[in-house]
Amino acid sequence: MSPAAASASPDDRIRNYEDFVRVHAYLLAAAGIPPSLHQRLYRKLADEVFDGGEVFAVEPCEDGRQRRLVLSADESLRKESDVFLVDHAWSFRLPDALKQLREVPGLAERMAALMCVDLDRRIETEEADEKDGHESGSLEHVLQVVEKEKARVQERGRDSAAWLELEELGIDDDMLVALDLSAKFPNLVALNLWGNKLQDLEKVMQEIRKCAKLKALWLNENPVLGKSIDKAILDGLSGLEIYNSHFTSKAGEWALGFCADIVGADNPCSSVESTLLGSIEIIDLSDRCIHKLPEVLSPSNFPSLSKLNIRGNPLDQISGDDLLKLFGGFTKLQELEVDIPGPLGNSAISILESLPNLSLLNGVDSSSIIESGKHIVDSALEPRLPEWSPEEPLAERVIGAMWLYLMTYRLADEEKIDETPVWYVMDELGSAMRHSDYANFRIAPFLFMPEGKLDTAISYTILWPTHDVHTGEECTRDFLFGIGEDKQRSARLTAWFRTPENYFIQEFRRYQEQLQSNSICSSTKIEETPSTKSIRPSDGRALRVYTDIPHVEEFLTRPEFVLTTDPKEADIIWVSMQVDSEVKKAVGLTDQQYTNQFPFEACLVMKHHLAETIHKAWGSPEWLQPTYNLETHLSPLIGDYFVRKRDGMDNLWIMKPWNMARTIDTTVTGDLSAIIRLMETGPKICQKYIERPALFQGRKFDLRYIVLVRSIRPLEIFLSDVFWVRLANNQYTLEKTSFFEYETHFTVMVRSNSFSLLWDNI
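619 is the number that the working numbering gives to position 576 of the sequence shown; each next residue is one higher, with no gaps.
Next up, the structure:
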């Protein structure tokens with residue numbers, strides 16, 4: 044979005060609501076803020092009212108690696124009933140990002156906390172606090188927890204099944220032995236020891252084997268974990284159905300009951316009656332590492348099943364056809380969650396054709412899938428969470444995570460648009476809003492100009508409800524509002540979510556095959572270029588030149604040329620305006636006159652057209668780095684990226700606007716989220732970066748030539764013997780932080796005359 048300022052006069056200072064609407068009319072319309080909220084928005088802007096904290100709450104999720112926003116007010120929030128101001132915690136131009144994080148006091152710390160990339164440091168602090176003032180980790184404390192569960196079992200009856208939650212209590216090997224759990228709980232069916240300090244295989248197995256009736260066991264995040272204990276556990280406990288959240292080969296009624304929420308800590312049991320199975324309507328089997336579904340999962344045992352989730356499972360020991368046949372037998376099954384591509388195939392449409400009773404597939408209405416023709420659908424993709432190494436400084440962690448949070452706008456007035464976009468991060472409240480295809484809120488950047496002038500504007504993000512929202516409900520926004528499949532919506536969601544890699548790899552391979560089949564030059568005979576003839580008149584007169592360019596008028600002084608004001612009598616037309624067939628006809632120009640343009644020159648002078656021209660002519664030649672027009676071929680690019688990542692190949696790319704010069708809005712990055720998000724600042728091509736370029740004394744350089752194309756057919760090209768050598772200022776490096784250093788990776792520099800002489804003499 045490009046907030047633009049209306050032309051301002053000295054009387055444009057905002058004094059009342061009418062002034063606000065007059066000065067901000069364009070901005071209000073562009074932001075899509077409902078007119079019914081304009082007056083309320085004005086009052087909050089004028090009085091700087093940030094009341095979101097009274098209405099919303101920020102909660103941790105994804106194990107603290109992400110946050111979400113919920114409505115915490117006592118009353119529901121009606122559609123378009125209120126509007127809220129969201130502050131911008133950080134605004135910057137992309138080349139300045141790393142420098143600001145390193146130099147602005149407190150900025151890196153705040154951004155790291157907001158983006159949840161300081162989790163390890165927070166955990167260290169919390170653990171230190173616990174060590175100082177908490178009794179967790181002591182045998183006495185753990186015994187208290189065990190005695191409470193023992194009392195609950197006795198209330199239900201001495202022989203009742205027990206479910207013991209001992210997660211993150213600092214239990215070590217000797218404490219586990221001292222607890223003597225098998226004696227205290229002879230009917231222990233589930234034991235959770237997640238996140239403790241168990242490391243002695245022999246002692247752990249000694250105690251676990253005594254709990255012979257275990258149906259579920261969690262040892263996640265213990266030092267003892269590994270292949271040796273995994274095999275020992277599975278061999279030593281004959282009835283174990285769930286181990287570390289995964290189904291074992293013995294999983295049956297009990298494991299399915301657990302995934303259907305009829306078995307758990309509040310309702311422990313050693314077996315599940317068939318009558319209970321018959322009443323189950325929803326089963327969530329996601330991420331259980333299931334290779335083959337339990338045989339007990341059948342239409343006869345689960346006649347009421349209406350919703351099934353099998354995401355995140357390999358299911359590689361049963362064919363897709365057999366799975367579809369099985370699911371087709373569940374006559375009441377209306378909702379199915381499954382990976383696509385996945386065990387049921389690569390097409391959502393094919394799945395719906397095989398299971399016509401489904402009303403929802405991956406949370407999307409079946410009829411809308413068929414109408415849109417989408418083969419890949421998903422409303423619950425796994426979020427792409429930030430990754431970092433413990434030794435990485437906070438500033439660099441933020442750089443890696445920021446593309447999951449950034450927003451952008453470009454400043455403009457009536458005369459021009461700012462060449463470089465502004466990126467910004469919303470404050471903690473705004474940044475906690477997660478994505479939904481069915482969002483209940485909408486946001487828009489907004490520039491408030493209290494003085495009526497752009498240079499005094501204050502940037503905000505405006506937030507308002509687009510549906511009724513109830514207390515405790517999560518508040519979401521659409522990260523790609525207004526962008527449909529015609530603009531590659533599903534592919535662009537890869538910036539924030541882990542989309543199916545196999546699908547994009549297939550698209551990449553299909554695109555490669557298409558490029559090779561499109562090659563025409565390999566089979567086309569190239570005509571020989573005839574000998575060049577001079578265009579100078581045979582009578583020796585000077586060539587007449589018509590131009591509208593002041594520099595040409597001033598500096599074209601050679602005697603072979605003479606300027607004319609009549610384009611019809613000119614031999615050469617050298618103008619800045621576009622000379623197309625209509626202009627030639629209107630002015631009276633002929634094909635015998637030479638112009639500084641040629642038909643369809645955009646095929647060469649605009650980057651995306653140049654790439655397309657090469658691809659159509661040559662397919663995918665070795666001398667051209669892999670190049671993609673992101674407006675049309677984002678999916679193959681993503682597939683190419685995934686293949687390179689899988690194969691350990693270099694994955695640096697350079698983003699270039701279609702038709703800008705001087706490396707404006709050009710970026711080098713190896714971050715897939717960054718590549719996709721940079722599309723928001725204008726149409727671009729993405730080209731594989733030459734990571735090992737030719738260097739001059741350790742620095743990047745380029746040679747700029749002047750080329751004159753005299754004729755296309757036959758092809759005649761002239762090269763001037765005057766050229767320029769341009770060098771980067773800094774030594775070349777592939778250090779990740781160097782990609783923000785313009786003077787390392789680019790060569791377009793402003794130099795003094797003395798330096799120009801030096802370059803000319805190299």
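Backbone N, C-alpha and C define an ideal beta-carbon position, used for all residues, glycine too.
contact_flag[the region 463 to 475, the region 737 to 745] where n(CB pairs < 8 angstroms) is 3 or more: Touching, no.
Residue(s) in a DSSP beta bridge with Cys729: Within the sequence shown, residue 729 is the residue found at index 686, counting from 1. Note: Cys729 sits in a beta bridge opposite Tyr671 and Met698.
Residue burial classification, Tyr748 (beta-carbon count within 10 angstroms, cutoff 16): Your numbering for residue 748 matches position 705 in the sequence shown. Around the beta carbon of Tyr748, fewer than 16 other beta carbons lie within 10 angstroms, which makes this residue exposed.
For Asp327, the residue or residues it bridges with in DSSP: Translated into positions along the sequence shown, residue 327 becomes position 284. The beta-bridge partner set that DSSP reports for Asp327 consists of Asn352.
Sequence-distant residues of the same chain with beta carbon closer than 6 angstroms to Ala482, five excluded per side: What you label residue 482 is simply residue 439 of the sequence shown in a count that begins at 1. Contacts found: Thr519, Arg520 and Asp521.
Glu192 versus Lys253: straight-line alpha-carbon distance, rounded: Mapped onto the sequence shown, residue 192 falls at position 149. Mapped onto the sequence shown, residue 253 falls at position 210. CA-to-CA, the gap between Glu192 and Lys253 works out to about 19 angstroms.
Nearest-angstrom Cα separation, counted from Thr291 out to Ile326: Working through the sequence shown from its first residue, we reach residue 326 at position 283. Working through the sequence shown from its first residue, we reach residue 291 at position 248. Taking the straight line from one Cα to the other gives about 17 angstroms.
Distance, Pro642 Cα to Asp106 Cα: In the sequence shown, the residue the question calls residue 106 occupies position 63. In the sequence shown, the residue the question calls residue 642 occupies position 599. Their backbone Cα atoms lie some 59 angstroms apart in a straight line.
Check whether Ala444 and Pro433 have beta carbons under 9 angstroms apart: Indexing the sequence shown from 1 puts residue 444 at position 401. Indexing the sequence shown from 1 puts residue 433 at position 390. No, these two residues do not count as a Cβ contact at 9 angstroms.
Residue burial classification, Leu738 (beta-carbon count within 10 angstroms, cutoff 16): The count along the sequence shown starts at 1 and reaches residue 738 at position 695. That one is exposed.
Exposure of Glu625, with buried meaning 16 or more beta-carbon neighbours within 10 Å: The sequence position of residue 625 within the sequence shown is 582, counting from 1. Per the 10 Å Cβ criterion, exposed.
Boundaries of the alpha helix (DSSP H) in which Thr656 is found, first to last residue: Counted from its first residue, the sequence shown places residue 656 at position 613. It spans Lys650 to Trp661 - the alpha helix (DSSP H) in which Thr656 sits, taken as one unbroken run.
Under the three-state DSSP convention, the category Tyr60 falls into: Residue 60 sits at position 17 when you count from the first residue of the sequence shown. DSSP places Tyr60 in helix when its eight states are reduced to three.
Residues of its chain near Phe63, where Cβ-Cβ distance is below 6 angstroms and the 5 sequence neighbours each way are ignored: Reading the sequence shown from its first residue, position 20 is the one you call residue 63. Result list for Phe63: Ile57 and Tyr85, in chain order.
Candidates Met158, His510, Val381 and Val220, of which the one nearest Leu182 by Cα: Taking the first residue of the sequence shown as 1, we reach residue 182 at position 139. Of the candidates Met158, His510, Val381 and Val220, the residue whose Cα lies closest to the Cα of Leu182 is Val220.
Check whether Gly515 and Val232 have beta carbons under 9 angstroms apart: By one-based count along the sequence shown, residue 515 stands at place 472. By one-based count along the sequence shown, residue 232 stands at place 189. By the CB criterion at 9 angstroms, Gly515 and Val232 fall outside the cutoff.
Contacting residues, own chain, Cβ-Cβ under 8 angstroms from Leu244 (five flanking each side not counted): Translated into the one-based positions of the sequence shown, residue 244 becomes position 201. Same-chain partners within the cutoff: Val267, Ser271, Ile272 and Ala275.
Three-state class that DSSP yields for Ile760 in the structure shown: On the sequence shown, residue 760 is found 717 positions in, with the first residue counted as 1. Correct three-state label for Ile760: strand.
Cα-Cα separation between Asn263 and Pro386, rounded to whole angstroms: Here residue 263 is taken as the residue at index 220 of the sequence shown, counted from 1. Here residue 386 is taken as the residue at index 343 of the sequence shown, counted from 1. If you take the alpha carbons of Asn263 and Pro386, they lie about 27 angstroms apart.
His177 to His184 span [Cα, whole Å]: Position 134 of the sequence shown holds residue 177. Position 141 of the sequence shown holds residue 184. Low per-residue confidence applies at His177: pLDDT is 44, beneath 50, and the placement is therefore not dependable, though the value from the model is reported in the following sentence. Whole-angstrom Cα-Cα distance: 10 angstroms.
Distance, Arg687 Cα to Asp714 Cα: Position 671 of the sequence shown, counted from the first residue, corresponds to residue 714. Position 644 of the sequence shown, counted from the first residue, corresponds to residue 687. Cα to Cα, Asp714 sits roughly 13 angstroms from Arg687.
Ser362 at chain B interface by Cβ criterion, 9 angstroms: Chain labels in this structure do not include chain B; a single protein chain is all it has.
Inter-residue Cα distance where the pair is Glu123 and Ala475: Sequence index remark: in the sequence shown, residue 123 carries index 80 (1-based). Sequence index remark: in the sequence shown, residue 475 carries index 432 (1-based). Rounded to the nearest angstrom, the two C-alpha atoms are 20 angstroms apart.
Outcome for Phe598 when other beta-carbon atoms lying within 10 angstroms are tallied against a minimum of 16: To locate residue 598, count along the sequence shown from 1; it is residue 555. Classification for Phe598: exposed.
According to DSSP, residues forming a beta bridge with Ser754: Taking the first residue of the sequence shown as position 1, residue 754 is located at position 711. Glu759, per the DSSP bridge assignment.
Contact check, Leu280 vs Leu260, beta carbons under 9 angstroms: Locating residue 280 in the sequence shown gives position 237, counting from the first residue. Locating residue 260 in the sequence shown gives position 217, counting from the first residue. Between Leu280 and Leu260, the CB-CB gap stays under 9 angstroms.
Where Leu506 sits in the DSSP three-state scheme: Position 463 of the sequence shown, counting from 1, holds the residue named residue 506. It is a strand residue.
According to DSSP, residues forming a beta bridge with Cys312: Residue mapping note: residue 312 aligns to position 269 of the sequence shown, counting from 1. The beta-bridge partner set that DSSP reports for Cys312 is empty.
Option nearest Leu110 by Cα separation, candidates Ile578, Arg535 and Arg477: One-based indexing of the sequence shown puts residue 110 at position 67. In the sequence under discussion, the amino acid at residue 110 is Arg, which differs from the Leu named in the question. In terms of Cα proximity to Arg110, the closest of Ile578, Arg535 and Arg477 is Arg477.
Whole-angstrom distance between Met703 and Ser799, CA atom to CA atom: For the purposes of this step, residue 799 is taken as the residue at position 756 of the sequence shown. For the purposes of this step, residue 703 is taken as the residue at position 660 of the sequence shown. Its pLDDT being 32, under 50, Ser799 is placed unreliably by the model, and nothing is read from it.
Test item: CB-CB of Val339 and Val160 under 9 angstroms: For this step, residue 339 is matched to residue 296 along the sequence shown. For this step, residue 160 is matched to residue 117 along the sequence shown. Cβ distance not < 9 angstroms, so Val339 and Val160 don't count as in contact.
Minimum C-alpha distance to Ile505 - residue among Gly75, Val66, Tyr69 and Tyr60: Position 462 of the sequence shown, counted from the first residue, corresponds to residue 505. Nearest C-alpha to Ile505: Gly75.
Local conformation of Lys743 per DSSP, three classes: By 1-based counting over the sequence shown, the position of residue 743 is 700. Reduced to three states, the DSSP call for Lys743 is strand.
Heavy atom of the ligand FMN within 8 angstroms of Phe373 beta-carbon: The model depicted lacks the ligand FMN and carries no ligand whatsoever.
Alpha-carbon to alpha-carbon, Ser402 and Ile412: On the sequence shown, residue 412 is found 369 positions in, with the first residue counted as 1. On the sequence shown, residue 402 is found 359 positions in, with the first residue counted as 1. In a straight line, the C-alpha of Ile412 is about 10 angstroms away from that of Ser402.
When Ser313, Ser322 and Leu369 are compared against Pro337, the one with the closest alpha-carbon: Looking up residue 337 in the sequence shown gives position 294. Taking only the C-alpha atoms, the option nearest Pro337 is Leu369.
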